Amino acid sequence: MIIIMRRYFLEGETYVMEDYDKLPAFSSFLPGLAGIRGIPVWVYYTNRGQGINSFGVHNKSNAIMEFNPANTAYENTAVKGFRTFIRCNGVFYEPFFPSLLKTERTMYMNKNSFKIQETNADYGLRITITYYVLPEEPVGGLVRKVELENISEEEKDIELLDGLPKIIPYGIKNGDFKEMSNLLKSWTEIKHRDTIPYYTLRATSDDSAKVDEIEGGYYYLTVKEGSILPVIYDGEVIFGQETSLLYPVCFLEEGLAGVLKQEQCYANKIPCGFTPVKTSLKPGEICRFSTLTGYSRTPEQIIKNSIHFCIDGYFDEKEQRAEEIVKELTQDVDTHTAVSVFDQYVKQCYLDNFLRGGYPYIFKEGDTKAVIHLFSRKHGDPERDYNFFSIAGEYYSQGNGNFRDVCQNRRNDVFFHKDMDSFNIKTFYNLLQIDGYNPLEVRPSTFQIREETREAAEEFITSNVIQGIDKMKAFLEQPFTPGQAAAYLADKQVRLGVSDDEFIAKLITFCNQNIEAGFGEGYWSDHWNYTLDLIEDYQKIYPDKMIALLFQDNTYRFYDSGAYVLPRSEKYVIYKEQVRQYGAVIHGEEKFNTPDFNKNGTNWLKDEKGNIIETTLMVKLVTLALVKFTTLDPEGMGIEMEGGKPGWNDAMNGLPGLIGSGMPETFELKRLLIFIRTWIQKESSLPLPLEIHEFLIKTMEALESLEEFAYWDKMTSLREEFREKVRFRLKGETCIADTSLLSAVFNRFLNKVQMGIDKACTYGKGIVPTYFTYEAVEFSSVLNHKKEPVLGYNGFVKAKVKAFRLKVLPVFLEGPAKLLAGLEDKDLARELHYKVKTSDLYDKKLKMYKTSVSLENISMENGRIRAFTPGWLERESIFLHMEYKYLLALLKAGLYKEYFEEIKTTLIPFLPPMQYGRSILENSSFIASSANPDTKVHGRGYVARLSGSTTELLSMWIELFAGNQIFTLENGELVLHLKPRLPDWMFDERGEVSFILFSGCKVTYQNKGRKATFGADKAVIKRILLPEGECVRGKVLTGERALKVRDGRIRELMVILE
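Whatever position you read off the sequence shown (first residue = 1), add 19 for the numbering used here.
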């Protein structure tokens, strides 16, 4: 008899999947939250076998259990993952193995742990496995708690082996293991085999003249009833010659005694880690033990720390602490409505958002503060097998990320962390280059002692270091991360007179914070789009600080890259008798060879004297707008993808080659121009670098009426000339520009952009196109003086274009989503929404929004999207980030009724769980649409969690519960506006909804009539109750009261609606 339950449900904060291994396969992960002073490990799991399909430390290369793409992981997990072999009264049984049918299996998923349980009535046993990452210890590890319970009425004699069939020794990279494991096993070394096995290599395995010893290793240990159990590290004594690992032949034939009597040998083998246990269980008794597998810098470190592991209750406390850590972090968005699944979903999105963008941790000492983003990582996992992820295995752990991802996912930081101030704005605007592009890779921040504070720093070290003063001074000669400082203190046994945390926090006050970045893979056309969000969200909280932000901080910089965008004369080439734009970006050796240019580090634009160029945020905005305005396409509609990469939709990677352009960037340019026009005259003048001022004047002069192609050619030439001028250095001279003149110029820019938008809207049958390409219809080869074709950097013949023909691509959701978000006329917004919903962008079967209509009739040259199956990845699927952008646009346009109607079938927690196929608390990158030829996958989510959709959800959450302009400055006075936009069904039986404002103030909306807070018959705020019985009539708080809320001095508000 096969027992099939196939049910998903929420049990408190735990998501439950019954009969989990019979359900569609999915991949997820533990967040690796080990606390500020803990060592994270990365852990991926699936609903196959015993769950864990891979884990490791630091990055993708350092896998303890082999990292596999999702499809392979689903195949391998039951065999190569954790295994449990049992002889119950002499009869063999392997729980969780696929061949067993008469079992009940359940998976319980929490935010920082998960467990699986199998009940087998035939054997009278129930086994429960719980996984979590060891928190707040100097060694990183995955904890696996095993509980075997006798649920029968008879005593059971149990022999058990539990563990991992393969552990990759530290020093073997995951990729090398896949390709050369047979060779690399020759380097294997296991130290301390009789106590806590330490898996490493004897030396580096590179084919190089330089050979070093390996520092670091993995460990495996099990604690049962306060004792560390022996470990089997030689898999041959368990499996014999059964190299498929399907059956533990030796254990089957001879039992535990037969296994243990064999001599183990690890030489020239890939080792394992198994724990042998022999016990008797009376009815109702439980055999319980915990296995810890992870990374330690030295074998001595893990042996020293293992003393704590044997203390009674240690692992119970750590399991509880693992859950407390995530609860403390997600308390920032604690929400209570009548819909508990929504409340839990918000917390999960908040967690996943900072796993991608980082959780701000602020070092504050007097007036000095520094911000680092903890716990972040570039999204890479079994379903994103193409990405290399990194999670620093150190205290204060930071990770790498891409500019676009990190910038978006930090968008709402200022709402949750008041001490952030303008940190994110400065970080991302500093990373914008003078040519309008930016580095792809955003790396963890480092700190370096300032020369002017070095003497004070050394005095501080002398006063607070008891032992190791010289070591500490030597360490501080180079840039460091807080985690590296903490590790150095421990490794070098530096003794302090204060706590490590106090020491590091004070040390940082003597330092400059270095924003670290790298070019990466190219220049995307959309990355700058997301930076204005940071300023606008800052304005919602700090309207009284905007002048200082825009004009008074003159320490903004321009990131300087060795990679630069070529002019048309070098990248327009002939390919198959057509003009293409190939090889748009090259690395300039001239710049790399400049004496003060750090080829592998972060560089800032300098003047001819070697001084770093510093300016204001407004100047950076003006420069960005100017460059992007001159990047409008030949028809003046989209912004060209002239940097070699497309916009948000990476799968349209062929568009730059087809001289493509995008309307989403034009809508963002319009928004930027409006912002500049609004604020620039707050000051009478603006000092501009000479080169930018000249570029601006020439652009203004070129606005005079010209035929379209001639106008585009002129603008493009001006941009190319400007880039050539600023490629190496600026002169260091400034020009004082009259802001009234600048305002007039940018108003003309705005008019020109609006003309292009109006023109674009005439295409697409009422839905603005997202992409255009341009076909060269008049062109010639570039010839040298010998009349021979001239080749470009990419080896193709260069081309000179004289005329283009416009091609309009099929409709994508991104264009109308961007347009909708900026519409102030509700009728126009409603009309656009109706057109979108009645178009093929709407999946009528799933009642969701696809990325695009059918792409069947476009060429493969447009990008890999065309080669994908319809309804899969970016092609005609429900790509959650873009769908959520569209939902947020409905809110921004004031279409509240339409928004709440749409989220019933589009918001993840409201989807049918069986259809979605994974936890409805967790987002996916995409949902297979009904365009997919496989009807079984329609509505199923793929590619777990770390998506930009989480930040869109948080922006919606803020709009719904707090409003879109939380603070304003009115007659010089700060005013707090709470403008909830909530439907009647969100209020509980008491007519209440609550949320946390600014991570510290609980706001409760009391609405006894349970009316919606929008629409004709809406409930409105009548009074606000403050602590100690103070009542404010009306709907706002002003002056000191508003300031107290913002500063966190008021911890609770009761808002009465009638």
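For glycine and all other residues, C-beta sits at the position ideal for the given N, C-alpha and C. Since the structure is predicted, the reported quantities are computational estimates derived from the model, not experimental observations.
- Membership of L311 in any alpha helix (DSSP H) is not indicated; the residue belongs instead to the beta strand (DSSP E) covering 305-315.
- Comparing alpha carbon positions, the residue from V809, G657, T219, A886 closest to Y238 is T219.
- The beta carbon of H996 sits closer than 7 Å to the beta carbons of G982, Q984, I985, T987, V1055 from its chain, once the five residues preceding and following it are set aside; these are given in chain order.
- Of all alpha-carbon atoms in Y142, A840, D545, the one lying nearest the alpha-carbon of Y790 is that of D545.
- Short of 6 Å from the beta carbon of P463, and not among the five residues preceding or following it, lie these beta carbons of its own chain, in chain order: Q417, T500.
- Burial of W698 is indicated by the presence of at least 16 other C-beta atoms within 10 angstroms of its C-beta.
- In the three-state reduction of the DSSP assignment, L993 falls in the strand class, which pools E and B.
- Boundaries of the beta strand (DSSP E) harbouring T138: 132-139, taken from the DSSP string.
- Take Y142, set aside five residues on each side of it, and the residues of its chain with a beta-carbon closer than 7 Å to its own are C107, Y112, in chain order.
- If you ignore the 5 residues before and after F887, its C-beta comes within less than 6 Å of the C-beta of R894, all in its own chain and listed in chain order.
- Separation of the CB atoms of T857 and L832 is rounded to 14 Å, and the pair is thereby denied contact status at 8 Å.
- With contacts defined as CB atoms closer than 8 Å, R124 and D40 qualify as a contacting pair.
- The beta-carbon separation of P665 and M656, rounded to 16 Å, does not stay under the 8 Å limit for a contact.
- Under DSSP, Q467 forms a beta bridge with N531.
- S949 and L865 do touch by the CB rule: their CB atoms are close to 6 Å apart, below 8 Å.
- For the pair F648 and F768, the CB atoms are nearer than the 8 Å cut-off.
- If you look at Y790, you'll find it in the beta strand (DSSP E) that goes 790-800.
- Of the candidates E166, R748, F529, E555, the residue whose Cα lies closest to the Cα of S441 is E555.
- Contact check for D1003 and A1031: beta-carbon distance about 5 Å, within the 8 Å limit, so the pair qualifies.
- A direct Cα-Cα distance of roughly 16 Å separates E174 from E166.
- Taking a contact as a CB-CB distance under 8 Å, the pair G967 and I946 does not count as one, their CB atoms being some 15 Å apart.
- Under the three-state reduction of DSSP, R221 is assigned to coil, being neither helix nor strand.
- By the criterion of a C-beta distance shorter than 7 Å, L271 is surrounded in its chain by F111, once the five residues flanking it on both sides are discounted.
- Within the DSSP bridge table, the entry for A536 names V461 as partners.
- One thing to note: K689 has its Cβ within 8 Å of the Cβ of V772.
- Residue range 359-376 is occupied by the alpha helix (DSSP H) that includes C368.
- When rounded, the separation of the alpha-carbon atoms in E156 and C329 is 14 Å.
- Assigned with DSSP and collapsed to three states, P808 falls in strand.
- For P706, the enclosing beta strand (DSSP E) has its first and last residue at 704-708.
- Taking 4 residues as the minimum length, the alpha helix (DSSP H) runs contained wholly in the stretch 965-1009 are 968-980, in order along the chain.
- For T753, the enclosing beta strand (DSSP E) begins and ends at 753-757.
- For a cut-off of 8 Å, the C-beta gap from N66 to F408 is around 22 Å, too long to register as a contact.
- Counting C-beta pairs closer than 8 Å gives fewer than three between the stretch 130-149 and the stretch 282-297, which falls short of the contact rule.
- Fewer than three beta-carbon pairs drawn from the stretch 502-519 and the stretch 421-440 are found closer than 8 Å, and the two stretches are therefore not classed as touching.
- Of L906, P952, E921, T310, the smallest CA-CA separation from T970 is found for L906.
- A contact between stretches requires three or more CB pairs, one per stretch, nearer than 8 Å, and the stretch 192-209 fails this requirement with the stretch 47-61.
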